[in-house]
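Just so you know, the protein sequences line up as chains A and B, in that order.
According to my numbering, the first sequence is numbered sequentially starting from 12.
According to my numbering, the second sequence is numbered sequentially starting from 12.
What follows is a short report on a single structure.
Number of protein chains: 2
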Amino acid sequence: MATPAPSTELHELVREQLAADEIRYTTGRRSVVATIQMASGPRTAAELSRSPRMAVPVSSMYRTLSILEESDVLRKHHGSDGVGRYELAEWLTGHHHHLVCVSCGAIEDIEVPRHAESELKTIVDSLGGDAGFRVLDHVLEIEGVCHACDERLTTESRSS
Amino acid sequence: MATPAPSTELHELVREQLAADEIRYTTGRRSVVATIQMASGPRTAAELSRSPRMAVPVSSMYRTLSILEESDVLRKHHGSDGVGRYELAEWLTGHHHHLVCVSCGAIEDIEVPRHAESELKTIVDSLGGDAGFRVLDHVLEIEGVCHACDERLTTESRSS
DNA sequence: TTCCTTGCAAACGATTTGCATTGGA
DNA sequence: TCCAATGCAAATCGTTTGCAAGGAA
């Protein structure tokens, strides 16, 4: 199981990973990685590019993101709106899953206790194997209503 | 657990569901539902609209699809490419998950044996509960290489 | 007649790409 | 110096919408 990298060490890991592909770890790329690391879940190119810390055109942001994705530093997801959202690859953060709020669309990371993850893996491997599939990974998204939305919805229904 | 509806009965269920929203079950909508039912996994608007059986402009297809989605007849997913893909809602097909081939992008439905599904549900409910989340549903995607791609890749590597 | 549905074309938003400029090894 | 990285603008692609025509109740 990968250990979430401390902030200092993270950039060194990324630098090495990029170096293997002969790609430079520029200031721009570094701040994208830093900003994504701060975030509590996947972020869109638009969100990242308008982040005060960098203020870079979206086109450049997309270029940076796809380079980092191809080098396996970032991973791309698509929420229910189809917009791409990026987060650090799991070898940098540790394996995790997502809580998706069907009300506000927010996606939050969730860590899975070792025993649960191991049951999960057993189930997944068995399902994939039965289907003649070479299983590489799995993605679990838990859909529901986040605490904030739950309260808001409750309040609204009371006042109506 | 929902029972996969036999083809004849399916359209009657859909008709009733639409009737509840005072929406007509037209020929066009009916063939979309029929085509999706035939498919082995979620389909994009483009695929459906160019399907020989209907040959309808994509714009109309999107309208049909969103009506059916809003009435909870279809469910929309976004694959790794961010393109929307539609399939019958689970109350019409029974609960299932997906195998996603990282090589060719194909998505295939997979049924999950009752015992595995029940373990899965236990894990999901517990994870969501711990996070203060009101859990409604879960999506499990198994990523890997499908049998066809696996053979192709093996052959290619041999010949290189 | 009166809505609902459909086709076509234009509009939109997210993402990609061409090209000239900038910046670091 | 020289090639990679960046900014800007134009092009693409999936998806949505306005509007006029066709159809069913």
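Beta carbons: idealized from backbone N, C-alpha and C, even for Gly.
Fair warning: this is a prediction, and the values are worked out from it, not measured in the lab.
Item: Residues of its chain near A:Val135, where Cβ-Cβ distance is below 8 Å and the 5 sequence neighbours each way are ignored; Value: Val146, His149
Item: Residues in the segment 22–41 of chain A having any Cβ partner in chain B nearer than 7 Å; Value: none
Item: Contacts around A:Ser51, its chain only, beta-carbon distance under 7 Å, and the 5 residues preceding and following it disregarded; Value: Glu119, Asp120
Item: Through-space distance from B:Glu81 to A:Val123, alpha-carbon basis; Value: 33 Å
Item: Span separating the alpha-carbon of B:Ser62 from that of B:Arg96; Value: 14 Å
Item: Own chain residues within Cβ distance below 8 Å of A:Ser71, not counting five before or after; Value: Gly39, Ser60
Item: Sub-8 Å separation of A:His89 and B:Gly93 beta-carbons; Value: yes
Item: Inter-residue spacing [alpha-carbon to alpha-carbon] between B:Ala56 and A:Ser137; Value: 32 Å
Item: Pick from A:Arg64, A:Ala142, A:Val25, A:Val111 that is closest to A:Cys160, judged by C-alpha positions; Value: A:Val111
Item: Interface positions of the segment 138–150 of chain B facing chain A (Cβ-Cβ less than 8 Å), listed along the chain; Value: Leu138, Gly139, Ala142, Gly143, Phe144, Arg145, Val146, Leu147, Asp148, His149, Val150
Item: Whole-number beta carbon distance between B:Glu154 and B:Val113, since they are thought to touch under 8 Å; Value: 5 Å
Item: Three-state class that DSSP yields for A:Cys160 in the structure shown; Value: helix
Item: Listed by chain order, chain A residues near B:Cys115 by CB distance under 7 Å; Value: None at all; the shortest Cβ gap to chain A is about 12 Å.
Item: For A:Arg35, three-class secondary structure by DSSP; Value: coil
Item: Unbroken alpha helix (DSSP H) run spanning B:Asp136, endpoints; Value: 125–141
Item: Start-to-end residues for the beta strand (DSSP E) that takes in B:Glu98; Value: 95–99
Item: Spatial neighbours of B:Leu151 in its chain, beta-carbon cut-off 6 Å, leaving aside the 5 residues before and after; Value: His108
Item: DSSP state of B:Arg64 mapped onto helix, strand, coil; Value: coil
Item: Run of the beta strand (DSSP E) containing B:Glu80, from where it starts to where it stops; Value: Here B:Glu80 belongs to no beta strand (DSSP E); instead the alpha helix (DSSP H) covers 69–81.
Item: B:Ala127: contacting residues in chain A (beta-carbon distance under 8 Å); Value: Ile134, Ser137, Leu138
Item: Paired residues, beta bridge with B:Ile153 - DSSP; Value: A:His149, B:Leu110
Item: Residue closest to B:Gly143, alpha-carbon to alpha-carbon, out of A:Lys132, A:Ile78, A:His158, A:Ala45; Value: A:His158
Item: C-alpha distance - B:Arg41 paired with B:His22, whole-angstrom precision; Value: 7 Å
Item: C-beta neighbour in chain A for B:Thr107, strict 8 Å; Value: It should be noted that the sequence gives His, not Thr, for residue 107 of chain B. No, B:His107 lies away from the interface with chain A (no Cβ there is under 8 Å from its Cβ).
Item: Neighbour flag for A:Glu58 against chain B, beta carbons, 8 Å; Value: no
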